[in-house]
Amino acid sequence: MDEDLVVRSSAWSSAPDPLHPFIEAGVLEQVDVHLVGRVSRLAPDATALELLALGLASRATRNGHVCVDLDQIGGLVDRESGDRGAAEGLDWPTGDRWEQVLATSDLVTLEDAAAPERLRPLVLHGRRLYLQRYWAHELEVTRQLTERSQSSGAPFGGVPLLEGDVDEVLGALFADGDADASGPDLQRRAAERAIRHRISVVAGGPGTGKTHTVARILAAAQLLAGRGGGEVRIALAAPTGKAAMRMRTAVVARVEAMLAEGLVDTDLAARLVATEPGTLHRLLMGPGRGRRGDDGTTFLPVDLVIVDETSMVALPLMARLLDALRPDARLVLVGDPDQLASIEAGTVMSDVVGPDTRDAGPPGAPLHGRVTELTARHRFAEDSEIAELAEAVRRGDLPAAFDVLRRPEGEVSWVRPDDEAALDMLRAEVTTSALAVAAAAAVDPEAALDEAERIKVLAATRFGAFGRFAWSDRVERVVAAAFADAPRVGGVRLGTPVIVTSNDRANRLFNGDTGVVVQRPEGLRVAVPSAEGTRFLPLSRLGTWETWWAMTIHKSQGSEFSHAVVSLPEHGSRILTRELLYTAVTRGKDRVTLVGGEDAIVEAIARPVARASGLRDRLWPDA
211 MDEDLVVRSS
221 AWSSAPDPLH
231 PFIEAGVLEQ
241 VDVHLVGRVS
251 RLAPDATALE
261 LLALGLASRA
271 TRNGHVCVDL
281 DQIGGLVDRE
291 SGDRGAAEGL
301 DWPTGDRWEQ
311 VLATSDLVTL
321 EDAAAPERLR
331 PLVLHGRRLY
341 LQRYWAHELE
351 VTRQLTERSQ
361 SSGAPFGGVP
371 LLEGDVDEVL
381 GALFADGDAD
391 ASGPDLQRRA
401 AERAIRHRIS
411 VVAGGPGTGK
421 THTVARILAA
431 AQLLAGRGGG
441 EVRIALAAPT
451 GKAAMRMRTA
461 VVARVEAMLA
471 EGLVDTDLAA
481 RLVATEPGTL
491 HRLLMGPGRG
501 RRGDDGTTFL
511 PVDLVIVDET
521 SMVALPLMAR
531 LLDALRPDAR
541 LVLVGDPDQL
551 ASIEAGTVMS
561 DVVGPDTRDA
571 GPPGAPLHGR
581 VTELTARHRF
591 AEDSEIAELA
601 EAVRRGDLPA
611 AFDVLRRPEG
621 EVSWVRPDDE
631 AALDMLRAEV
641 TTSALAVAAA
651 AAVDPEAALD
661 EAERIKVLAA
671 TRFGAFGRFA
681 WSDRVERVVA
691 AAFADAPRVG
701 GVRLGTPVIV
711 TSNDRANRLF
721 NGDTGVVVQR
731 PEGLRVAVPS
741 AEGTRFLPLS
751 RLGTWETWWA
761 MTIHKSQGSE
771 FSHAVVSLPE
781 HGSRILTREL
791 LYTAVTRGKD
801 RVTLVGGEDA
811 IVEAIARPVA
821 RASGLRDRLW
831 PDA
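Sequential numbering of the sequence shown, starting at 211, is according to this note's numbering.
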């Protein structure tokens, strides 16, 4: 029997009768029905519509939403359905009907009403319906960011900031200005906001100087603290181990450049480099939380936290981070609001960055004057086709995007799924690189790691003719035939690239870390690049992992490759979105090859992610 039918049958058996059509259509899954079943036993008088609302609120968080927009739920469910159109025939109540029923339900708390005598599973705010936990996360993030926006950070080194000191330090660190920017020096503006305020946001696409700015924020903080005879305790964090390592590499390079330019001395440079980024989970779960206050509240013992790749941070994780920070500590959120959001619930970076008019927008908004978007691109040349394509995708400009794709092959190439000759050439290029990785693994681990990072297939899906599994299987067959006698460990062949899929603090391995099985004097080991240099670990210490001949676009966030091969499914796939394609295209440094039909590309560019969340409206009212 089909696995999906088994799941639906199991869910059906425990579900109230009125929910059966929604299970059959694939709207509700077993986890949703399980929640509904438990609540219905505790509240036997609950109506079918109330229970359906509970199931839909559960479903929403599984699909990345923080809440359910009751006016849009029918269309949204149909858009997200794997069986497109399956939800169209269902009896969807109007938004007015939903509100009428839920406003008097014993399962629902009204946000603006007095707190109920007991906790209820749902919260209704206007036409937005939340699971109680996610509503609490959204309110906590709103409260924390609002409070942090209302006062300055703690004095550096115990001495309040003096206007002249700030201007002098920033003037020296940004003496050359943002040469490619038209208008004010946005990098200096971002740094000044980070120094003066307890919350600030540095937004921008790839190559706009976010890390350049972060390095100077670090230097400015320590220089200002030094004038008061103190030192700033700093934490650098990112959502994944891969992103943290890239942050480390980029910051070290910028610090070395500042040292060479005479902007910092050797002692300060050493202290800046010693600030090693880690994952957010490691930061929040690690030792060193200091006890504060009679209520036993604990805070991270840091004065300044900078979070990179904030677009990958889910709402619950952001709530945990804010709750762990000292009230007077500074927080700097860095990232690209146009990239894919976290696979979990929320669109935190996009919501925090807010509207395009954030500096000229409503002055009463909590984050007014706290968000700086860097716009000048430094990574790409002015005539870069990759940058041009990325910008067209970001704007949703179909004609501009296809203008780049249809040009004679340069930085950007377009391979159509029915062009077998072009596909064969691309497959040969990918497998040739894989063979080079396998060959280098026996003699030069560093070369094997470099080659594994040179070209990478980024697939939108795991399954299908152009999914990750299909690309990986093809490459694996070619490598297996060429290196049939290669030694193995645990069934894994020498030269196999791997990617870690879970966090393992004991072995300092994190979700997204990558490596290659290489030959060492002590036997086969996995070479894993790290901030301290390459580590060589037994395969058994990797925990959960997958082969890394290809990867999903979601997994590629925080990574860069010289040549990114972006592989899209056929049109009609619900995963095709503007943010997905933008993220994939911006992973390529020198070349991008897009594999996909015209209809699929159109569908991706024309469909921005539409996640339901109330955070933006709370942070940017009237915008």
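Note that the Cβ used here is the ideal one computed from N, Cα and C, for glycine as well.
- C-alpha of L804 to C-alpha of N273: approximately 26 Å in a straight line.
- Apart from the 5 residues on each side of it in sequence, Y344 sits with its Cβ closer than 8 Å to the Cβ of T271, V276, C277, L525, P526, A555 in its chain, given in chain order.
- A Cβ-Cβ contact shorter than 8 Å links L332 with A263.
- As DSSP reads the structure, H335 sits in a beta bridge with R338.
- Per DSSP, the unbroken alpha helix (DSSP H) holding H230 starts and ends at 230 to 234.
- In the three-state DSSP reduction, I665 falls in the strand class (E or B).
- Taking 3 residues as the minimum length, the beta strand (DSSP E) runs contained wholly in the region 423 to 481 are 444 to 448, in order along the chain.
- Around the C-beta of T520, 16 or more other C-beta atoms lie within 10 Å, and the residue is accordingly described as buried.
- V249 has its alpha-carbon roughly 21 Å from the corresponding atom of P303.
- Excluding residues up to 5 positions away in sequence, S315, L317 lie with their Cβ nearer than 6 Å to the Cβ of E260 in the same chain.
- Following the DSSP letters along the chain, one finds F679 inside the alpha helix (DSSP H) bounded by residues 678 to 692.
- For the set V727, R337, L577, L747, the Cα lying nearest the Cα of V653 is the one of V727.
- In this structure, V376 sits near E402, with a CB-CB distance shorter than 8 Å.
- Here L790 carries a helix assignment [DSSP, helix/strand/coil].
- Here L734 is buried, its C-beta having at least 16 other C-beta atoms within 10 Å.
- Residue pairing of S740 in beta bridges, as defined by DSSP: absent, with no partner found.
- When Cβ pairs closer than 8 Å are counted between the two stretches, the region 765 to 776 is seen to touch the region 662 to 681, the count reaching three or more.
- When R492, G436, E486 are compared, the shortest CA-CA separation from D475 is found for G436.
- With fewer than 16 other CB atoms across the displayed protein chains lying within 10 angstroms of its CB, P831 is exposed.
- DSSP, read as helix, strand or coil, puts F771 in strand.
- Excluding five sequence positions before and after A404, the CB atoms of its chain that fall closer than 6 Å to its own CB belong to S410, I427, V542, given in chain order.
- By a beta-carbon distance limit of 8 Å, L494 does not contact A479. Their separation comes to about 28 Å.
- A residue is called buried once 16 or more other Cβ atoms fall within 10 Å of its Cβ, and I283 is buried on that count.
- Residue burial annotation: Q729 is buried, with at least 16 other C-beta atoms found within 10 angstroms of its C-beta.
- With 16 or more other CB atoms across the displayed protein chains lying within 10 angstroms of its CB, T489 is buried.
- Here the alpha carbons of D386 and A644 stand approximately 43 Å from one another.
- Around V462, the same chain offers V483 as residues with beta carbons nearer than 6 Å, after the five sequence neighbours per side are excluded.
- The residues N721, T754, W755, E756, in chain order, have a CB closer than 7 Å to that of T711 in the same chain once the five nearest residues on each side in sequence are set aside.
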